[in-house]
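Down below is the structure, laid out as structure tokens.
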Amino acid sequence: MKKFVFFIVFAFVAAMSLHAQDNNMGCIPYHHINYDYFVMENMMQQRNGEIITNLFIAVDDTEHPYHPIYIGDIIHKMSPTSLHFTDSILIADSSHTSYYLYAQNPLGEGNIKANFEYDENRDSTYLRITHFSDNDLQIDNDNDIVTPLCEGEVFDYIDSYMVDCRGDLIMKYYKTIGQGDECHIARFGPDGTFKYEATLPQSQNFLRKMRVLSESPLQYYHWKDNGNTSLICYVIDSAFNTIQSSIFNGMIYEIPVANPPGGVMAREYLEFSSDTEVIPDGEDMLVAAKYTQDTTIASGAMTAEHGLAVVRYDLRTMQRKNLILFDDLPGWSSEATCHGIQRMSDGALYLLYSERDTYSGQKLTYAVKMDPDFNVEWKRYCKPVENYQLCTEQCIPATDEEGNEVMAVAGTSIDLESYASGIFYFFIHHDGTVSVDEGMVKVRPYTFYPNPTQSQLRMAFSPDVQPSLVELYDLQGRRILSQGNAFECIDMSQMPAGIYTVRVTLQDGQVFSDKVVKE
1 MKKFVFFIVF AFVAAMSLHA QDNNMGCIPY HHINYDYFVM ENMMQQRNGE IITNLFIAVD
61 DTEHPYHPIY IGDIIHKMSP TSLHFTDSIL IADSSHTSYY LYAQNPLGEG NIKANFEYDE
121 NRDSTYLRIT HFSDNDLQID NDNDIVTPLC EGEVFDYIDS YMVDCRGDLI MKYYKTIGQG
181 DECHIARFGP DGTFKYEATL PQSQNFLRKM RVLSESPLQY YHWKDNGNTS LICYVIDSAF
241 NTIQSSIFNG MIYEIPVANP PGGVMAREYL EFSSDTEVIP DGEDMLVAAK YTQDTTIASG
301 AMTAEHGLAV VRYDLRTMQR KNLILFDDLP GWSSEATCHG IQRMSDGALY LLYSERDTYS
361 GQKLTYAVKM DPDFNVEWKR YCKPVENYQL CTEQCIPATD EEGNEVMAVA GTSIDLESYA
421 SGIFYFFIHH DGTVSVDEGM VKVRPYTFYP NPTQSQLRMA FSPDVQPSLV ELYDLQGRRI
481 LSQGNAFECI DMSQMPAGIY TVRVTLQDGQ VFSDKVVKE
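Residue numbers 1 to 519, in my numbering, belong to the letters of the sequence shown in order.
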């Protein structure tokens, strides 16, 4: 039964893969059928400017629940100028494989794909490095570099690999020793030469990611949450010795109140989790994490609001230096998620995050550009068109066709009518303009909520734009409301239930239209 399901899905995916280059940025017609896993794991930009993405696909094993049958990886290339796919390939493999590192080849032209492989017959693990060019995705495995790592089998995670500023491959992995696990880090040259390996203290097991902190001297860092309300950041040198461990407190304030009797506790704090992002900024660390503002009464009743925070911590003193909060949605707007925060060469910060609208259940995604002092220059609201569901999974710094820095965003999508699944891209430029296919994503310099609404429709505009007119039309195209000021709120309490079109005109002449539902 397992092989039968595998070959049906394999044949279908392979057929679809051959035609991927004919599709634009919209949803590629991979139908789920018995698919249960469709996850984007990697994203990189080649030297020729094209974007590579790697998707993991698998189906559930009906005979063994919670043990998916791995189908393979779908690799796509996309042109940043035309927003069209230029190539795709299915790497089929029914066995479990390691995660992959995709990177530009540090030794010259082309790219590398690196991963660990376990040889069951020899009970040993090896590093395999494969090369492929910028022109196509065809891989010649006859020229693979295979380097022994260790005896036994290891396990790893998608964020365990990186190429550092010297061009070395840094590979983090775990080994089961007795009743526990050990975290190891190995350094390889891009030609596969094994250079160094170290074992981290047990306290540093299962840390988040690993990145370069400074180039001279060469230092790395990785981190983990320490009981959810604090974050511990480890700094290690080029020989993988831990030279510093800093604990950042996530509590912003905590105020006990004596009245009413029994007490009230008002507090605001960060919640560190797998969605937390940490990047260096000179001698400081920038942390993007979800935050909660709540008030708890002695009886146990609680009110809370959620959002996302970006904080600058001094790495030496661990003190908070700057803080900015993004709480776009009122009430229990849960699941605030940071998809990425990037520091550009001019010091500007690009942030991509999302919240879930508790009224509609829809996940709302926002892109923000800030100056180094956390002043917001622009904000863009990225909304999937009707009947699409998007899951943003990758966010990397990239360059456009003119060499300007942009933030490249990609993820998986589902057409809720046909249940076809695919991937989407968009690029956010320094001036707030967006390269995007309007057939998939709407990008607006404003947001409105709640939608659906029962009374008031609230609007929030990016600081770099000024509205001049907000209008409301019914399904017959009749204008039923026009506001030339007080744009923050539209009163729909006296309107009949139904679907309306909100039309926003900015002072620069741009016009946007969106649907809103009155319940």
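For glycine and all other residues, C-beta sits at the position ideal for the given N, C-alpha and C.
Item	Value
Residues near residue 158 by beta carbon distance below 6 Å, same chain, minus five either side	41, 99
Alpha-carbon to alpha-carbon, residue 430 and residue 371	11 Å
Cα-Cα separation between residue 216 and residue 168, rounded to whole angstroms	15 Å
Inter-stretch contact at 8 Å, needing at least 3 Cβ pairs: the stretch 412-431 / the stretch 490-507	no
Short Cβ contact (8 Å threshold) for residue 74 with residue 101	no
At least three beta-carbon pairs within less than 8 Å, the stretch 382-394 to the stretch 312-320	no
Residue range of the beta strand (DSSP E) that includes residue 520	Here the chain covers residues 1 to 519 and nothing more, so residue 520 does not appear.
Beta strand (DSSP E) segment containing residue 57, residue limits	51-59
Anticipated Cβ contact below 8 Å, residue 395 with residue 432, distance rounded	Not a contact, Cβ separation roughly 16 Å.
Strand pairing of residue 169, partner residues [DSSP]	163, 188
Residue 177 versus residue 233: straight-line alpha-carbon distance, rounded	25 Å
Residue nearest to residue 251 in terms of C-alpha spacing, selected from 271, 509, 239, 192	271
Enclosing beta strand (DSSP E) for residue 339 [first to last residue]	337-343
Neighbourhood of residue 91 by C-beta, 7 Å cutoff - its chain only, sequence neighbours within 5 removed	72, 73, 75
Reduced DSSP category for residue 514 - H, G, I as helix; E, B as strand; rest coil	strand
One or two residues paired with residue 350 in a DSSP bridge	342, 369
Nearest to residue 391 (by Cα), restricted to the options 398, 356, 373	356
Own chain, CB closer than 8 Å to residue 235, minus 5 neighbours either side, in chain order	213, 219, 220, 221, 242, 243, 244, 245, 246, 315
Delimiting residues of the beta strand (DSSP E) encompassing residue 490	489-491
Neighbourhood of residue 119 by C-beta, 7 Å cutoff - its chain only, sequence neighbours within 5 removed	126
Cβ distance (whole Å) where residue 128 is taken to contact residue 146 below 8 Å	5 Å
Alpha-carbon to alpha-carbon, residue 409 and residue 442	14 Å
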